[in-house]
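2 protein chains.
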Amino acid sequence: MRAYASTGRRLLLAAALALATLTAAPAPPALHAQGADPLPSWNEGEPKQAILDFVEATTDRSSPDFVPPGQRIATFDQDGTLWVEHPMYTQVIYCLERVPALVKEKPELKDEEPFKTVLTGNKEAIAKLPMKDLEKLLIATLTGMSVDDFQEQVKQWLAAARDPRWKRPFTELAYQPMLEVLRFLRDRGYKTYIVTGGGQDFVRVFADQVYGIPTEQVVGTMGGTKFGYDGNGKPFLTKEPKLLLNDNDAGKPEGIHLMIGMQPYAAFGNSTGDQQMLEYTKAGEGRRLSMLVMHDDATREYAYGPANGLPETKVGTFTQALFDEAKKDGWIVISMKKDWKRIFAFEGSGQ
Amino acid sequence: MRAYASTGRRLLLAAALALATLTAAPAPPALHAQGADPLPSWNEGEPKQAILDFVEATTDRSSPDFVPPGQRIATFDQDGTLWVEHPMYTQVIYCLERVPALVKEKPELKDEEPFKTVLTGNKEAIAKLPMKDLEKLLIATLTGMSVDDFQEQVKQWLAAARDPRWKRPFTELAYQPMLEVLRFLRDRGYKTYIVTGGGQDFVRVFADQVYGIPTEQVVGTMGGTKFGYDGNGKPFLTKEPKLLLNDNDAGKPEGIHLMIGMQPYAAFGNSTGDQQMLEYTKAGEGRRLSMLVMHDDATREYAYGPANGLPETKVGTFTQALFDEAKKDGWIVISMKKDWKRIFAFEGSGQ
Chain A
408 MRAYASTGRR
418 LLLAAALALA
428 TLTAAPAPPA
438 LHAQGADPLP
448 SWNEGEPKQA
458 ILDFVEATTD
468 RSSPDFVPPG
478 QRIATFDQDG
488 TLWVEHPMYT
498 QVIYCLERVP
508 ALVKEKPELK
518 DEEPFKTVLT
528 GNKEAIAKLP
538 MKDLEKLLIA
548 TLTGMSVDDF
558 QEQVKQWLAA
568 ARDPRWKRPF
578 TELAYQPMLE
588 VLRFLRDRGY
598 KTYIVTGGGQ
608 DFVRVFADQV
618 YGIPTEQVVG
628 TMGGTKFGYD
638 GNGKPFLTKE
648 PKLLLNDNDA
658 GKPEGIHLMI
668 GMQPYAAFGN
678 STGDQQMLEY
688 TKAGEGRRLS
698 MLVMHDDATR
708 EYAYGPANGL
718 PETKVGTFTQ
728 ALFDEAKKDG
738 WIVISMKKDW
748 KRIFAFEGSG
758 Q
Chain B
408 MRAYASTGRR
418 LLLAAALALA
428 TLTAAPAPPA
438 LHAQGADPLP
448 SWNEGEPKQA
458 ILDFVEATTD
468 RSSPDFVPPG
478 QRIATFDQDG
488 TLWVEHPMYT
498 QVIYCLERVP
508 ALVKEKPELK
518 DEEPFKTVLT
528 GNKEAIAKLP
538 MKDLEKLLIA
548 TLTGMSVDDF
558 QEQVKQWLAA
568 ARDPRWKRPF
578 TELAYQPMLE
588 VLRFLRDRGY
598 KTYIVTGGGQ
608 DFVRVFADQV
618 YGIPTEQVVG
628 TMGGTKFGYD
638 GNGKPFLTKE
648 PKLLLNDNDA
658 GKPEGIHLMI
668 GMQPYAAFGN
678 STGDQQMLEY
688 TKAGEGRRLS
698 MLVMHDDATR
708 EYAYGPANGL
718 PETKVGTFTQ
728 ALFDEAKKDG
738 WIVISMKKDW
748 KRIFAFEGSG
758 Q
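Residue numbers (my numbering), protein chains in the order written: chain A, 408 to 758; chain B, 408 to 758.
1. Grouping DSSP H, G and I as helix and E and B as strand, with all else coil, what is Met799/B?
2. Assuming Ile620/A is part of the alpha helix (DSSP H), what are its boundary residues?
3. Can you say whether Ser448/B is buried or exposed, counting buried as having 16 or more other CB atoms within 10 angstroms of its CB?
4. How many angstroms separate the CA atom of Arg771/A from the CA atom of Gln478/A?
5. Check for me: the alpha helix (DSSP H) holding Leu509/A runs from which residue to which?
6. Express the C-alpha separation of Glu686/A and Ser469/A in angstroms, rounding to a whole number.
7. For Pro671/A, decide whether its Cβ has a neighbour in chain B, counting only Cβ atoms nearer than 7 angstroms.
8. Go to Ile667/B, then tell me how far its alpha helix (DSSP H) extends in each direction, as first and last residue.
9. Any beta carbon from chain A within less than 7 angstroms of Thr679/B's own beta carbon?
10. In chain order, what residues of the segment 582-611 of chain A put their CB closer than 7 angstroms to some CB of chain B?
11. Output the distance between the C-alpha atoms of Lys745/B and Val491/B, rounded to the nearest integer angstrom.
12. Is Gln683/A close to chain B, meaning its C-beta is less than 7 angstroms from at least one C-beta of that chain?
13. Mind checking the segment 656-671 of chain A against chain B and listing, in chain order, the residues whose C-beta falls within less than 7 angstroms of any C-beta there?
14. Quick check on Leu650/A: buried or exposed, where buried means 16 or more other Cβ atoms within 10 Å of its Cβ?
15. Under 6 angstroms Cβ to Cβ from Asp472/B, same chain only, skipping five residues before and after it: list those, please.
16. Listed in chain order, which residues of the segment 617-634 of chain A have Cβ atoms closer than 8 angstroms to some Cβ of chain B?
17. Answer with yes or no whether the minimum CB distance from Tyr501/B to chain A is below 7 angstroms.
18. If distances are taken between C-alpha atoms only, which option among Leu446/B, Pro642/B, Tyr501/B comes closest to Ser553/B?
19. Could you tell me the distance, in whole angstroms, from the CA atom of Val506/B to the CA atom of Glu579/B?
20. Give the single residue among Ala690/A, Thr488/A, Phe753/A whose Cα lies nearest to the Cα of Asp637/B.
21. Between the alpha carbons of Ala566/B and Met495/A, how many angstroms are there, rounded?
22. Mind checking who Asp703/A pairs with in its DSSP beta bridge?
23. Taking the C-alpha atoms as reference points, what is the distance between Ile750/B and Asp486/A?
24. So, for Glu520/B: in the same chain, excluding its five sequence neighbours on each side, which residues have a beta-carbon less than 6 angstroms away from its beta-carbon?
25. Output the boundary residues of the alpha helix (DSSP H) element that contains Lys543/B.
26. Taking the C-alpha atoms as reference points, what is the distance between Leu717/B and Asp703/B?
27. Quick one: residues in its chain with C-beta nearer than 7 angstroms to the C-beta of Ala432/A, no 5 flanking neighbours on either side, listed in chain order?
28. Which one of Thr645/B, Glu515/B, Lys574/B has the shortest CA to CA distance from Leu665/A?
29. Find the nearest neighbour of Lys734/A within the set Thr724/A, Ala532/A, Ser697/A, judged by alpha-carbon distance.
30. In this structure, what does DSSP give as the bridge partners for Val740/A?
31. Looking at Phe675/A: is its Cβ nearer than 7 angstroms to the Cβ of Thr488/A?
32. Expressed to the nearest angstrom, what Euclidean distance is found between the alpha-carbon atoms of Thr632/B and Asp460/B?
33. Quick one: does Lys535/A have its CB under 7 angstroms from some CB of chain B?
34. Can you give the Cα-Cα distance for Pro660/A and Glu647/B, rounded to whole angstroms?
35. Verify the CB distance criterion: does Trp738/A have a CB-CB separation below 7 angstroms to chain B?
36. Which same chain residues, not among the five before or five after Met629/B, have their C-beta less than 6 angstroms away from its C-beta?
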């Protein structure tokens, strides 16, 4: 009876301690400690080791670089960092493919530019549309409807749309190694944010499903909304053609301050549009991590950017200057070709 | 030995179940289940019961009104809802009291309006300053400095400043009954947000300390920032005199969409500036809770607003029309006099 009571007490104590640990830190660091690799789609090398070391250093209470859970913020660019951005940003494809439905709702648009050209499907002609026509396209497909209707439109499109190369839903084109980084950081108490030049409302539609990132942790290019009432007096919000913040370049740290209010401890990008976010992150006190995804794998994904002697493109510009800054300031460059065992979940583990 | 093993197994199982519960839901609902009152500073009555019933209905898995944890959003106005707003918003006091330090930094301002009048300390004259002078005051005290410097200025002021009536730090003037509501909601898996007409960056400085609300869950009137580099090439953000969103009236649901992206399930306000937020909340599907704090206790706090036959004021306007809308649409009106056992933590429990 004495042994029984004492064992019971010991087990209860162990449970209580486990509970205390769990409530103090968001997640048990058991996975890594038990030897399971939190980044199985990464090859061994500097980038993988940099992530493991950073997380260990900032989440181990005995480390001089320990960061309290409330301050563990990690930000991720989306296009080209978390999923494919070539040959065209997914949101631009959405805007183009939305045109037929739009013209069905507003037939008067079918003879108006840029809708007329977009409806022909002529890619060269579409690529030549002037900036003011592109703006008109964005305004027509991304604003003027209620917030709820917009979400529904994007949802329906995502379910049916297929990317031109892999013939899969765009939501399957997230990079498996980066999904592992997101999960690993969250398992260690980090709050993961998307900080994208894409539309905040657009990315919110699928961020949870694809990345496990909730709506309120999506920072993107922000448009205004307008509060009003429908015919039954029920309030709703309409998406307005009013730009609040262009979440690119300097807009990224500005958007981070607006939406989060703290400097990230880790940031991931892939282009000059992420430069200021990576600088801002790295400039914080204590140990910080800035990483750049380099697209150098034409076989498994795409190769672009002059850092690797590759052709420069309009989408996802990774200049030699950015590469040099990364090397100088201790950012880590990820080679998709060398550092990633596999690119997409649908490829299987490749083992 | 058999009993020993079986007891051990049972206890481990219980611990495992406890762990599973804890990881599934953010916090154990033990307090309430064990009979402890989560709202001890509230008198029994409709408002207290409405909060208890709402939380029970939306967090009990077997309830038809169950809300998944990720969607449990509750929003709180600050001035007059979470802390004292009379006779003047705390942030306005800050701007006024900041003037001497500002003039010390920029002596050329001492003969310029409105700084000249503010420096006299003449309350009647200050109250008569025209709107354009007030705007100049806000711009001079809330913008032009780095984000970090601003935080430091507010922190230092908060440590030294005392409110005119209770002679206490403003941070002690939070309403104890509302602090209990915040904690109770969080204990049951709600994410609590401040949605204030006050400056987002201002409120962020003390939101965690006073309300347990982290920086990223403060939605307020938003100003732009500008990214730049200091003399050593280190990046920093400067607060700009550019209004991105006036988080009052219709701006509250617009700010909620911008920062959270979801309709709240519960919202708390105290004035016409909160009307649209309360409408927006109540308009959502399923069970929602909209509540209004009514200031009708001149002895323990202040009494104002015509709903109770009280004088209307510029600060925290609670019109008869708002009162009528609340009654018609099933919002719950909280009487500070009747429903709150005590107002402030420093009063003691009053038992």
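By construction, the Cβ of each residue, glycine as well, lies at the ideal position given by its N, Cα and C atoms.
This is what the structure holds:
1. Residue 799/B cannot be examined here, being either before or after the span of chain B that is shown, 408 to 758.
2. Careful: Ile620/A lies outside any alpha helix (DSSP H) and carries neither H nor E.
3. buried
4. Nothing can be reported for residue 771/A, as the shown portion of chain A is limited to 408 through 758.
5. 506-512
6. 27 angstroms
7. no
8. Premise fails: Ile667/B is in no alpha helix (DSSP H) and is neither H nor E.
9. no
10. Arg611
11. 17 angstroms
12. yes
13. Ala657, Pro660, Glu661, His664, Leu665, Met666, Ile667, Gly668, Met669
14. exposed
15. Ala464, Thr465, Gly693, Arg694
16. Pro621, Thr622, Glu623, Val625, Met629, Gly631, Thr632, Lys633, Phe634
17. no
18. Pro642/B
19. 24 angstroms
20. Ala690/A
21. 53 angstroms
22. Ala710/A
23. 50 angstroms
24. Asp540
25. 538-549
26. 8 angstroms
27. Annotation note: pLDDT 40 at Ala432/A (below 50); position unreliable, coordinate value reported separately. Within the same chain, Ala432/A has close Cβ partners Pro476, Gly596.
28. Thr645/B
29. Ser697/A
30. Leu699/A
31. yes
32. 42 angstroms
33. no
34. 14 angstroms
35. no
36. Gln607, Leu651, Leu652
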